[in-house]
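>
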């Protein structure tokens, strides 16, 4: 059970206990009536929740919940169940527990990479969780990736991240007694339907056990008893191995006691080693001599290394010089390359010019040859004709000429007809094009008139709606926007509440100047003022909901309670007021904003046009005056005048009915004009159709005339061809011959000139190719100069590598030599330490140095003999250190295992006694909760006049519920399956209320609890839940329902959150819903 329950003696959610059953009944009945005074919950209740890209919703919330009762209202698909699902998932629940998907990745909106959920939990009072770290609010931010990964961020009240571990979240939930998988805490829609339609008594019993956490307690007890069985088995196994450990311990103890003879031989060995001190000192002298000789030889290595270092530096210097020379050559080549490329491009251009000139000469030559051929053929034809003419007769010639004149007359008549039809076609085309242009222009004007009519209709609706609300003059969506601003300000989302629209915050002293003031302020009439950019961003988001196209202007300026002092820069005129003077503005923020944005203290209002021109354009306008406005809205400057097209005031007019009447008249006139315009458009369209038909007829007639002309021309051509050998005139042929001769002379001149140009182009090509070859030779010569330098560099590189190799060789030999000296010194130091240690030990045995008569060889042989003897003993018994260590380990192991077995035996016996007592207490608690559940169930049923009975069979783990509607004594109690849908839903609510009364949690959530109820059962169930919530103000209740809840008033205990209707454009959801 939770910490809360452990602090109470009776395990119930009430603050006090009664000793008798009668006292409990009085307390239970009192819980069903509203409490006279109570406090709100201090820990664990939900203050706020927001969702982003969760399920099919891009953004939901943030929703601010009240302390006691909260209704989340909305149509199906608006996001009610999404809020409940997000609550379960964000507080560590599994995806299967939501009955909305099998995996967390199914909760991410389709097309998005992650989903975010943020929940704020209250953390106040004495039961707060780490108040010095988190403060009064704990924010749980959960991010679910599209791969199904879930990450946590636990933040304090000031937004600082305290932890990212799930263990910290589990600790918080345990401290607050929040159980997201408990159906009494959170009853989802699917769980409610399953329970409502369930016919199994075992399912009802499991629901009761899970709701009261008896199921969890039962599972814990089973786990403890299973662990005790495992522990008992382990203890028995340890007891069997304890005898074996004792036997091993005794064997190690016997071997440990047999080590005394080896100690005696070791002492004698130490005495012999003391005698070896003198011999060790004598052995150190040759080592010292070797070290001195080797250190002298080190100087030779240093000399060799310095010699090769000098050679390396010399070769590097030569390498550097050669590299510089090569760089200079490369620079020269790089400088010549662009010039060479330019000359090469010039050569290419010359070649192209030569090719073009050769092609041109070839064309001229071909043309000249063709002209000569034509001249020859024409001369031959003339000679043939002259011979034919001499043979023709005059009579045949005259007859053919008469026929030709008749055909030519018919052709001239048809040609005239064709010309007339062409003119008609041009006229019809011009008429159709003009009519179409006029139609397009009229359609554009029709759209403008239609827009004007729509604008006037909107203005008329706004004015008619503003009869009851003046704010509607500023737009149909303006009341909704102001309501949203008030709601956001109530939830403390704004630092300072925005002001607007500005036109709503001002009043006119003189109604005649309404048009002038509106013409002056223009869009500022609809503008809003914000104290800071954060409030501006929030206001922009609110405007985006209600204004899709053109949004009102937002002015950001820090709010102040003091009006600007504009005496020095304002206009002071004895006859005419300024805009600031004719306005009544209560809020200094509004007046300061209009002064900043429009400078209303420097603008005069002059009713007459002549007076306005006289005051502003007489050469000396008033001091500080920038402009003036007439009562018609005309704008007057010192050097220019702008007429206004505004006729009536929209926002500041005083007589609303007069404005509505004028606007209706203007709208009727505009609609009549629109009707006349449509008729005119229809007339123009009819003209276009008529002219198009005439144009098609003219096209057909002209086609027939042209066909006739072609036939006449064919006949004339045939007659001319027949008579051509006898009657052809020689003069045109002679003229053609003269023309060809002239062309032939011109072509010869052009041919000679083209040959000269081609020769000139070839000479230019040869010069360009010569210059290119010279540049290439220079570059080649410079490149050849670089080759020896490159060879020298390669040679230097090889010598450098060789010298570096020799230098490294001697450096490595020097390192080896120094390491050898170092090893000798280290060996000498070790021997000196051994001698010093031996001297110290020998001094302890005998303070005075004794002369040893035995030689080192005899001492060494004696020491070797003793060592061999000691080794033989150790081989038989083992190493001394190993024997001691094994003895100590065996003793410690035996002692530890023996002590653990005793402790586990005592623990198992004590655990068995405790579990017996716990099982007895568990049975008592289960019986006690069953009795209380029965009582609460009957008490809630009696509110509707029902009777009921609950029968618990703890042995069979079954719960049967019988309910009888009506109050007749002889009525028989029926099973819930025989009830109607509304009666079964009401009985389920009564059962849930009885479970609420015997369980404890900081908040309770119900999803669509009244879906199958009729109006009477819904009303009664709602009253019972509200009474229970009123008596338990320290708990939070969240009800999700598609009903409007309009009959329930909002107050400081009841809050209704209404969700927007869903977007029905989507077709599929991105997660798989369980069946």
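Numbering (this note's numbering), first residue to last: 290 to 1364.
Ideal Cβ placement from N, Cα and C applies to all residues, glycine included.
Computed from a prediction, not measured in an experiment: that's the story for all the values here.
How is residue 861 classed by DSSP in three states: helix, strand or coil?
Coil at residue 861, not helix or strand.
> Quick one: using the 10 Å Cβ neighbour count with 16 as the cut-off for buried, is residue 978 buried or exposed?
So residue 978 ends up on the exposed side.
> Does residue 1252 pass the burial test, meaning 16 or more other C-beta atoms within 10 Å, or should it be called exposed?
It is buried - the Cβ of residue 1252 has at least 16 other Cβ atoms within 10 Å.
> Cα separation between residue 415 and residue 451?
Looking at the two C-alpha atoms, the distance is approximately 21 angstroms.
> In terms of DSSP beta bridges, what is residue 1330 paired with?
In DSSP, residue 1330 forms a bridge with 362.
> Which of the three DSSP states is assigned to residue 790 in this structure?
In the structure shown, residue 790 sits in coil (DSSP, three-state: anything other than H, G, I, E or B).
> Can you tell me the Cα-Cα spacing of residue 663 and residue 1035, whole angstroms?
Approximately 15 angstroms between the Cα atoms of the pair.
> As an exercise, report each continuous alpha helix (DSSP H) stretch of at least 4 residues that is fully enclosed by the region 372 to 415, in chain order.
List check, alpha helix (DSSP H) in window: nothing returned.
> Which residue spans inside the region 447 to 478 form an unbroken beta strand (DSSP E) run of at least 3?
Here the runs fully enclosed are 450 to 452.
> What whole-angstrom Cβ distance do residue 704 and residue 998 have, given they're in contact under 8 angstroms?
Between residue 998 and residue 704 the Cβ distance is about 7 angstroms, and since that is below 8 angstroms, they are a contact.
> On the three-pair Cβ rule with 8 angstroms, is the region 398 to 417 touching the region 495 to 507?
No, they do not touch.
> Checking 8 angstroms against the spacing of the C-beta atoms, do residue 467 and residue 411 come in under that value?
In this structure, residue 411 does not lie closer than 8 angstroms to residue 467 by Cβ.
> Using the C-alpha atoms, what's the distance from residue 385 back to residue 1344?
When rounded, the distance between both Cα atoms is 30 angstroms.
> Per DSSP, what kind of secondary structure is residue 924 in: helix, strand or coil?
Here residue 924 sits in strand by DSSP.
> Using a threshold of 8 angstroms, state whether the C-beta atoms of residue 847 and residue 798 are closer than that.
No. Outside cutoff.
> With H, G and I counted as helix, E and B as strand and the rest as coil, what does DSSP make of residue 1243?
Coil, per DSSP.
> Going by DSSP, what residues sit across from residue 341 in a beta bridge?
Residue 341 pairs with 348 and 405.
> Taking the continuous beta strand (DSSP E) assigned at residue 1296, which residues delimit it?
Its beta strand (DSSP E) spans residues 1292 to 1296.
> Measuring straight from C-alpha to C-alpha, what distance separates residue 993 and residue 701?
Straight-line Cα distance between these residues: approximately 15 angstroms.
> Taking residue 624 as the reference, give the member of 1305, 1311, 1197 and 1064 with the closest Cα.
Looking at the Cα atoms, 1064 is the closest of the given residues.
> Reducing DSSP to helix, strand and coil, say where residue 673 ends up.
In the structure shown, residue 673 sits in a helix (DSSP, three-state: H, G or I).
> Following the continuous beta strand (DSSP E) through residue 819, name the residue where it begins and the one where it ends.
Where residue 819 is concerned, the enclosing beta strand (DSSP E) stretches over 817 to 819.
> Look up residue 709 in the DSSP assignment and say whether it is helix, strand or coil.
Helix, per DSSP.
> Could you pull out every residue in the same chain whose Cβ sits closer than 6 angstroms to the Cβ of residue 775, ignoring the five residues on either side in sequence?
No residues qualify anywhere along the chain.
> Whose C-alpha, out of 402, 375 and 478, is nearest the C-alpha of residue 431?
Residue 431 has its Cα closest to that of 375, out of 402, 375 and 478.
> Rounded to whole angstroms, how far is the Cβ of residue 792 from the Cβ of residue 941, which I believe are closer than 8 angstroms?
Contact holds; Cβ gap of about 7 angstroms.
> Once DSSP output is grouped into helix, strand and coil, what is the label at residue 1365?
Lying before the first or after the last residue shown, residue 1365 is absent from the chain, which here runs from 290 to 1364.
> Kindly list the residues whose CB is nearer than 7 angstroms to the CB of residue 1067, restricted to its own chain and excluding five residues on each side of it in sequence; keep chain order.
Excluding residues within five positions, the ones whose Cβ falls inside 7 angstroms are 625.
> Pick helix, strand or coil for residue 896, following the three-state DSSP scheme.
Of the three classes helix, strand and coil, the one that applies to residue 896 here is coil, per DSSP.
> Would you mind working out which of 510, 371, 464 and 1009 sits nearest residue 1209, comparing C-alpha positions?
Nearest option by C-alpha distance: 510.
> Residue 1288 and residue 1226: beta carbons closer than 8 angstroms?
Not in contact: residue 1288 and residue 1226 (Cβ atoms no closer than 8 angstroms).
> Candidates 796, 1026, 1043 and 823: which alpha carbon is nearest residue 786's?
If we check each option's Cα against that of residue 786, 823 comes out closest.
> Taking all protein chains shown into account, decide if residue 1259 is buried (16 or more other Cβ within 10 angstroms of its Cβ) or exposed.
Note that residue 1259 scores 43 on pLDDT, short of 50, meaning its location in the model is unreliable; the coordinates nonetheless yield the value given after this. Its Cβ having fewer than 16 others within 10 Å, residue 1259 is exposed.
> Is there contact here, the region 452 to 465 with the region 384 to 402, by at least three beta-carbon pairs under 8 angstroms?
No contact exists between the region 452 to 465 and the region 384 to 402.
> To which residues of the same chain is residue 633 closer than 7 angstroms at the C-beta, ignoring the five residues directly before and after it?
The residues are 1061.
> Would you decide whether residue 1339 is buried or exposed? Buried here means 16 or more other CB atoms lie within 10 Å of its CB.
Per the 10 Å Cβ criterion, exposed.
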